[in-house]
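**Q** Pasting in a structure now, in structure tokens, and then I'll have a few things to ask.
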Amino acid sequence: MKRIILCASALAFATQAQAGGQLDTFKFTGQSNFIPGFEDVEIVPIFWDDRCTNVEYTINDIRNPTGAAGPIPLAQWAPEMQASLDPWNDIPTSYIEMNVTATRTIVGPNPAVPGLRSFNFVNEITWQTAVGAGFLASSPSVSLQEDATFVLGDDIDGDGDSDVYDPSAASGRTDCHDFDSDGDIEFSAGFYTAGTILENDVQYNDRLVAAGILWELTPSSTPVGALPRLTDIQAVAIHEFGHSHGLAHSFVNQTSTADGTGATMFPFIDIDDRFSEIGQRSLHGDDVAWSSFVYREGSAASGAGALQADDIAFGSVYRIISGAYSRNGFGVLGGNISATAVNSKAIVSSAYSGKARAFSPNGFQVFVGSLANSIISDQYQLPVPKGVYRLALQALDGDPAAAGNISTTAVIGGILGQHNYPEEFRDSQESSLENLPGHSVPQQANTGSQSGVNVITNSDITLRNAGALTSIGIIAELGSTDVVYAERFSNAQVLGLLNAGAKMTTGLFRTGVFDASVVGVWEQAGLYLGRVNGDGTAAIDFNAPLATESEFVGQDGDLTPFFFNADVSLTIQTQLAADPSLEVFLVLKRKNIFNRADDPRPPVLGLQTVAASAGRSYLSVAGGAFIPRPTQNWIVELKFTPAN
């Protein structure tokens, strides 16, 4: 039996936007080496076989998308599909080619939902989705779950028609094409490995009209609180066709300190920000790197990977940085690592670590094992253009995206508790106890690929007064000047850790912006000492800063680290011990004139709304006193590395 699976990746939407690798699937091995009675199931990437990388799509004309003025005609939206494929096709270092070659009415097997996509060896583009679908679009692929040899007569989709042809009867052709001219694709007889994509359908959702979500052909911005919210077809389509390549979601949602747009393959899209949608139409370096990594031009002397006119060999442009990615002595499944170019200070690509294993008792259910038997490999591979880079580690902790947005491998890592470590840079002396996580040593990738570039996640102790995030921003900020947030950490908490040998390393602020194309720059982040006055207000000693960073760049929908120098711990320890009334304050000052696109609201700090707060979160507006917030806790953290 040839086992296959449907692998669907959906694009979510949000008022605030929150490929770095490949999508993956199960490979049933038929072996039981670790858990008696359970078959080993390897997690493998999905991809198009080299014989099938000239992918042909058929537009299903059974339904049109709804725009502000009503249905958008086929003649207007159909060209957007090819326009969304062209940027992927134009990558000179990637050999996969995808094109729209036909338009017709396709009626699926479910009469209640005519035109609903199905597994039929037709790569469909459709606006018909299941009732209740909540995504903007998705790109489900059907792929092999075991190595298989296709032979003439195999009816893989069960429609009574063979899906395999004999290449000797096709003038020597071995590519996937409509051999018998019946409208679906046949595969050449031969061997195919687990993970091979058999079919990909792209389905766009036109069922969100009731929620005020409509479609448009030219990106526009939606005013705050207004309906309908219009979604750019091409911005969504180019993302979905990345999944059609087999690419996973990227973790890059902010390219640099000056560019708020991220990778096209980031899992969320800001449909209310036209600048963000315009940015999504253009491929990021991360998108280009991963399409090129999977389908490498110049990787073969003949066939799909052979160089042709206008092609550029992958190896002449890219280098691969690789190594082990570990935490607590185990490889991390789904650890994110990104490369920021030293010269441009822009993120060029990112990757996820590890290869996972699961277990099946019956050939279809799959269960996660222990850390020891779930990890096949601790390695990561990071494709980068020639250059010099700072490498950064980040956990898939839900901000700005979660393991479930990325891959099965990442999900297994999350189940095993591997996504709870602090953000940091790679140093030349990697250790699980780094007192300077903000320090890095540049990694060169000019002369050749670099292996053995190992990374180890840092151990930490976290002080946080708030619970889970429930909101971003408060009414008191809007229209106000000189807005300053402060978060208090008690003398006893901090001094207790320092006396035990811990080192204070990082402050973190959960920052965000309302337009995803904007970089949220703050006037200053700072670390200070202060006291609580008799009336409950805070008195912070701004004349004696312990650490400051001006023009502090906040991340979009994530905890932004504010790294400290090595001498901070001793200074604070000495002063707290000498004066028990002193407490530690992390402070974030907002700019009065801030970056914006169309949304007038300023960069904001995340918070937890509660019935009654602990009184450790303070706000100062227009130079006034630092007043405690009675029902809000700022999402602010103070991190330490424990004693050696």
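Just so you know, we're using my numbering here: the sequence shown kicks off at 37 and counts up by one. Here a beta-carbon is modelled for each residue, glycine too, at the ideal position from N, C-alpha and C. Computed from a predicted structure; not experimentally measured.
1. Report yes if the CB atom of residue 550 is closer than 8 angstroms to the CB atom of residue 635, and no otherwise.
2. Tell me the DSSP secondary structure of residue 495 in three-state form.
3. Quick one: residues in its chain with C-beta nearer than 7 angstroms to the C-beta of residue 321, no 5 flanking neighbours on either side, listed in chain order?
4. Could you give the residue range of the alpha helix (DSSP H) that holds residue 280?
5. Using DSSP bridges, identify the partner residues of residue 331.
6. Is residue 660 helix, strand or coil by DSSP?
7. Classify residue 422 as buried or exposed, calling it buried when 16 or more other Cβ atoms lie within 10 Å of its own Cβ.
8. In chain order, what residues of the same chain lie with their CB nearer than 8 angstroms to the CB of residue 77, ignoring the 5 residues before and after it?
9. Would you say residue 130 and residue 333 are within 8 angstroms of each other, going by their C-beta atoms?
10. Under the three-state reduction of DSSP, which class applies to residue 322: helix, strand or coil?
11. Please classify residue 511: does DSSP put it in a helix, a strand, or coil?
12. Return helix, strand or coil for residue 184, following the three-state DSSP convention.
13. How far does the beta strand (DSSP E) with residue 418 in it reach, from first residue to last?
14. Measuring CB to CB, does residue 674 end up less than 8 angstroms from residue 540?
15. Please name the residue in 230, 252, 89, 91 whose C-alpha comes closest to that of residue 112.
16. Counting beta carbon pairs with one atom in the stretch 91 to 100 and one in the stretch 151 to 171, are three or more of them shorter than 8 angstroms?
17. Please look up how many angstroms separate the CB atoms of residue 165 and residue 118, rounded, as I've assumed it's under 8 angstroms.
18. Report all residues from its chain with a CB closer than 8 angstroms to the CB of residue 42; omit the five preceding and five following residues, and keep chain order.
19. With a CB to CB cut of under 7 angstroms and the five nearest residues on each side skipped, what residues in its chain are close to residue 348?
20. Determine the DSSP secondary structure at residue 353, reduced to helix, strand or coil.
21. Taking 8 angstroms as the cut-off, does the stretch 183 to 194 touch the stretch 213 to 228 (at least 3 CB pairs, one atom from each stretch)?
22. If residue 542 sits next to residue 590, beta carbons under 8 angstroms apart, how far is it from one beta carbon to the other, in whole angstroms?
23. Once DSSP output is grouped into helix, strand and coil, what is the label at residue 60?
24. How many angstroms separate the CA atom of residue 644 from the CA atom of residue 136?
25. Since I believe residue 325 is in contact with residue 415 (beta carbons under 8 angstroms), could you give me their beta-carbon distance rounded to a whole number of angstroms?
26. Starting from residue 533 and walking both ways along the alpha helix (DSSP H), at which residues does that stretch end?
27. Quick check on the DSSP output: the alpha helix (DSSP H) that includes residue 672 runs from which residue to which?
28. Buried or exposed for residue 132, please, with buried defined as at least 16 other CB atoms from any protein chain shown within 10 angstroms of its CB.
29. In whole angstroms, what is the alpha-carbon distance linking residue 80 and residue 574?
30. Going by DSSP in three states, residue 221 sits in which element: helix, strand or coil?
31. Excluding five sequence neighbours on each side, which residues of the same chain lie with their C-beta closer than 8 angstroms to the C-beta of residue 110?
32. Please classify residue 483: does DSSP put it in a helix, a strand, or coil?
33. Less than 8 angstroms between the C-beta atoms of residue 306 and residue 436, yes or no?
34. Between the C-alpha atoms of residue 622 and residue 524, what's the straight-line distance to the nearest angstrom?
35. With distance defined between alpha-carbon atoms, name the residue in 266, 521, 453, 163 nearest to residue 313.
36. Scan the stretch 528 to 616 and note each continuous alpha helix (DSSP H) run of 4 residues or more that stays entirely inside, going in chain order.
**A** For this structure:
1. For residue 550 and residue 635, yes; Cβs fall inside 8 angstroms.
2. coil
3. Cβ within range, chain order: 384, 385.
4. 269 to 280
5. Residue 331 is not bridged to any residue.
6. coil
7. Exposed is the call here.
8. 62, 63, 64, 65, 393, 394, 395, 396, 402
9. For the pair residue 130 and residue 333, the CB atoms are nearer than the 8 angstroms cut-off.
10. helix
11. Helix, per DSSP.
12. strand
13. 415 to 421
14. For residue 674 and residue 540, yes; Cβs fall inside 8 angstroms.
15. 252
16. yes
17. About 21 angstroms separates the CB atoms of residue 165 and residue 118; that is not less than 8 angstroms, and the two are not in contact.
18. Note that residue 42 has pLDDT 49, beneath the 50 cutoff, so the model's placement of it is unreliable and the number below is only indicative. Here the set comprises 155, 176, 177, 178.
19. 128, 129, 333
20. If DSSP states are grouped into helix, strand and coil, residue 353 belongs with the helices.
21. yes
22. About 15 angstroms separates the two Cβ atoms, so there is no contact after all.
23. DSSP places residue 60 in strand when its eight states are reduced to three.
24. 48 angstroms
25. The pair is not a contact, with the Cβ atoms about 17 angstroms apart (cut-off 8 angstroms).
26. Looking at the DSSP string, the run of the alpha helix (DSSP H) that includes residue 533 is 527 to 535.
27. Per DSSP, residue 672 belongs to no alpha helix (DSSP H); it is in the beta strand (DSSP E), 672 to 677.
28. buried
29. 55 angstroms
30. coil
31. 95, 97, 100, 139
32. coil
33. Not closer than 8 angstroms, so no.
34. 7 angstroms
35. 266
36. At a cut-off of 4 residues, the continuous stretches assigned as alpha helix (DSSP H) that sit fully inside the stretch 528 to 616 are 604 to 614.
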